[in-house]
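Residue numbers (the working numbering): 99 to 186.
Here is the structure we will look at.
Encoded structure:
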């Protein structure tokens, strides 16, 4: 399942208590648009979004990463979901 579609299903259920697949095709597209808008907003994360990743991978697991690396990874992962979708 593409993660974008999965997020749209969750959003549909939260908004309407109905499954996304039961909604009209236009309503399904609106939900995907809303999910895209939220993910796009998350791309504008401050550098602080990388702090937990830096602590986990850098401090706790001993990898050579910093918060800039983790913030870049955050953006790259969201880009994949927005541009290509991924299975999972």
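Beta carbons are placed, not taken as given, at the ideal position from N, Cα and C, and that holds for glycine.
- The shortest CA-to-CA distance from residue 171 to any of 124, 122, 142 is the one to 142.
- Residue 126 and residue 174 have their C-alpha atoms some 25 Å from each other.
- If only uninterrupted beta strand (DSSP E) runs of at least 3 residues are considered, none is enclosed by the stretch 109-183.
- One Cα belongs to residue 133, the other to residue 157, and the distance between them is close to 33 Å.
- The alpha-carbon of residue 115 is positioned some 14 Å away from that of residue 122.
- Between the alpha carbons of residue 168 and residue 179 lies a distance of about 17 Å.
- Looking only at 108, 166, 113, 110, the smallest Cα-Cα distance to residue 147 is reached by 166.
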